[in-house]
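Each residue of the sequence shown is one higher than the last, beginning at 1 in full-length UniProt numbering.
C-beta atoms are modelled at their ideal positions from N, C-alpha and C, and glycine is treated no differently.
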Amino acid sequence: MINLYAVNYTLFETIIGLIAIFLFLSPIIRAYFIGQTLADALEKSFPSMKKGSATGDKTINNQPFTIAKLFQSVPKVPFRTLTYVTYSDTTLTLDYYRSSVTGKRPCVIVIHGGAWAIGDSKQLPELNNHLARVGYHCAAINYRLAPKWQFPAPIEDTTAALNYLRKNADELDIDTNNFVLLGRSAGGQIALLTAYTIRQLGIKGVVDFYGPADMIRGYTIPTNPLVINSRKVLVQYLGGDYHQIPDKYAASSPIEFVNQQSVPTLILHGSTDGLVASAQSRRLSTKLHQNDVSQYLLELSWATHGFDYHLNGPSGQLSTFAIERFLFAVTNDH
Numbered sequence: 001m002i003n004l005y006a007v008n009y010t011l012f013e014t015i016i017g018l019i020a021i022f023l024f025l026s027p028i029i030r031a032y033f034i035g036q037t038l039a040d041a042l043e044k045s046f047p048s049m050k051k052g053s054a055t056g057d058k059t060i061n062n063q064p065f066t067i068a069k070l071f072q073s074v075p076k077v078p079f080r081t082l083t084y085v086t087y088s089d090t091t092l093t094l095d096y097y098r099s100s101v102t103g104k105r106p107c108v109i110v111i112h113g114g115a116w117a118i119g120d121s122k123q124l125p126e127l128n129n130h131l132a133r134v135g136y137h138c139a140a141i142n143y144r145l146a147p148k149w150q151f152p153a154p155i156e157d158t159t160a161a162l163n164y165l166r167k168n169a170d171e172l173d174i175d176t177n178n179f180v181l182l183g184r185s186a187g188g189q190i191a192l193l194t195a196y197t198i199r200q201l202g203i204k205g206v207v208d209f210y211g212p213a214d215m216i217r218g219y220t221i222p223t224n225p226l227v228i229n230s231r232k233v234l235v236q237y238l239g240g241d242y243h244q245i246p247d248k249y250a251a252s253s254p255i256e257f258v259n260q261q262s263v264p265t266l267i268l269h270g271s272t273d274g275l276v277a278s279a280q281s282r283r284l285s286t287k288l289h290q291n292d293v294s295q296y297l298l299e300l301s302w303a304t305h306g307f308d309y310h311l312n313g314p315s316g317q318l319s320t321f322a323i324e325r326f327l328f329a330v331t332n333d334h
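Structure, rendered in structure tokens:
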């Protein structure tokens, strides 16, 4: 006699197994197809990127995605911790990853995430290691955190880091005409706002990983409170709710400062992000396009917040490829 319970349980296990395989393979398959057109899309968005020159540069990765890379680790690069500014109540440091390519080189300033309240310069160091190995200095900075310090403290700190790196450029072998800001999440807001408002410090571009570009929208359309109390986060960072200090919400919104002089921008976001809505990045991309600013939005349909945690995963490979091409374009556009 057939045991229907056993049959049904076996069928259930099979279905669950197939779903698990699909969830594992789906991002890999989709990453492969995105990779087929990504180089051309980036070249179209950043005309200064001459495809022939990029593919001929030995430091440039010409494969957006490979399965073999999924199982590779990222070699570590030594770094120095340097004090870049001293205030009356605190001292801030940065981790400096020197480029493996000698001579004056561009510098990427990396700004960590953490809802403006937590995190430090040691967050997700794999990209810093990788970029240093392919020819870019990386300066991963610490900045003053909320609620003790509020906006615009992180913008002031990022500017102080730029000033420090410019002042010590000879010792650090930095090309002072070629700075690029890169921020994740809250750090994306800091990177974008600094890049769009500070114009005299050799900033050639900005990379935004899933950052909030519109603080007003972030307050009026909050994140699911079961995920994060986004209004509380904004109040701690800005010092009040939107109805109390609307001008401060506008002043902290990078999207408000986009104009035709804005620097080229690379935006990276996952469609399933539960912390910062991908609509933030789409709106920023649209405004940049309306102002004829070179920009590209790489939106990954399967990805969520922090999708670059595994640098050689499907999302990490695609985003790293885009960053390398972007850096090549903006730091060679003289």
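Inset, instruction - Please determine, among A139, Q123 and F328, the residue with the shortest C-alpha to C-alpha distance to D95. - result: Each of A139, Q123 and F328 was checked against the Cα of D95, and the nearest Cα belongs to A139.
Legend entry - Opposing strand residues paired with G183 [DSSP bridges]: Paired residues: I111 and D208.
Inset, instruction - Round the Cβ separation of Y196 and W116 to the nearest angstrom and send it over; I've been treating them as touching at under 8 Å. - result: Contact doesn't hold; Cβ gap of about 18 Å is too wide.
Legend entry - First and last residue of the uninterrupted alpha helix (DSSP H) at L124: That residue, L124, is in no alpha helix (DSSP H); it is neither H nor E in DSSP.
Inset, instruction - Compute the beta-carbon to beta-carbon distance between L234 and G218, rounded to the nearest angstrom, for a pair I have assumed lies under 8 Å. - result: Sure, about 6 Å apart at Cβ, within 8 Å.
Legend entry - 8 Å CB neighbourhood of G240 in its chain, flanking five on each side removed: Excluding positions up to five away in sequence, the list reads K248.
Inset, instruction - Kindly provide the ranges of any beta strand (DSSP E) runs that are 3 or more residues long and lie completely inside the segment 242 to 290, ordered along the chain. - result: The segment 242 to 290 contains, as complete beta strand (DSSP E) runs of 3+ residues, the segments 265 to 270 (chain order).
Inset, instruction - Would you mind working out which of P264, I174, K44 and L193 sits nearest S295, comparing C-alpha positions? - result: At residue 295 the sequence reads Gln, which differs from the Ser that was named. Taking only the C-alpha atoms, the option nearest Q295 is P264.
Inset, instruction - Identify the continuous alpha helix (DSSP H) that holds V235 and give its terminal residues. - result: That run of the alpha helix (DSSP H) goes S230 to L238.
Inset, instruction - Quick one: grab the DSSP three-state call for Q63. - result: Residue state, collapsed to three classes: coil.
Inset, instruction - Take the Cβ of D308 as the centre, count every other Cβ of all protein chains shown within 10 Å, and call the residue buried at 16 or more, exposed below. - result: The residue in question, D308, is buried, as its Cβ has 16 or more Cβ neighbours within 10 Å.
Inset, instruction - Please go through the same chain and pick out, in chain order, the residues whose beta-carbon is closer than 6 Å to the beta-carbon of Q72, but skip the five residues on each side of it. - result: Excluding sequence neighbours, Q72 sits near N312.
Legend entry - DSSP three-state assignment for I203, whether helix, strand or coil: Residue state, collapsed to three classes: strand.
Legend entry - Alpha-carbon to alpha-carbon, A186 and S252: One C-alpha to the other measures close to 11 Å.
Inset, instruction - Tell me, please, whether the CB atom of I29 is closer than 7 Å to any CB atom in chain B? - result: Of the protein chains in this structure there is only one, and it is not chain B.
Inset, instruction - Return the bridge partner residues of T86 from the DSSP annotation. - result: For T86, which the question treats as bridged, DSSP gives the partners T91.
Inset, instruction - Please confirm if the segment 199 to 208 is in contact with the segment 120 to 130, defined as three or more CB-CB distances below 8 Å between the two stretches. - result: No, the segment 199 to 208 does not touch the segment 120 to 130.
Inset, instruction - Express the C-alpha separation of H269 and H191 in angstroms, rounding to a whole number. - result: Reading off the sequence, residue 191 comes out as Ala, not His. Their backbone Cα atoms lie some 15 Å apart in a straight line.
Legend entry - DSSP bridge partner residues for F33 (one or two, in chain order): None; F33 has no bridge partner.
Inset, instruction - Note down, in chain order, each residue of its chain lying with its Cβ closer than 8 Å to the Cβ of R231, except the 5 sequence neighbours on either side. - result: Short of 8 Å from the beta carbon of R231, and not among the five residues preceding or following it, lie these beta carbons of its own chain, in chain order: Y219, P222 and D241.
Inset, instruction - Quick one: using the 10 Å Cβ neighbour count with 16 as the cut-off for buried, is F24 buried or exposed? - result: Low per-residue confidence applies at F24: pLDDT is 48, beneath 50, and the placement is therefore not dependable enough to give any value.
Legend entry - Where T320 falls: helix, strand or coil (DSSP): Helix, per DSSP.
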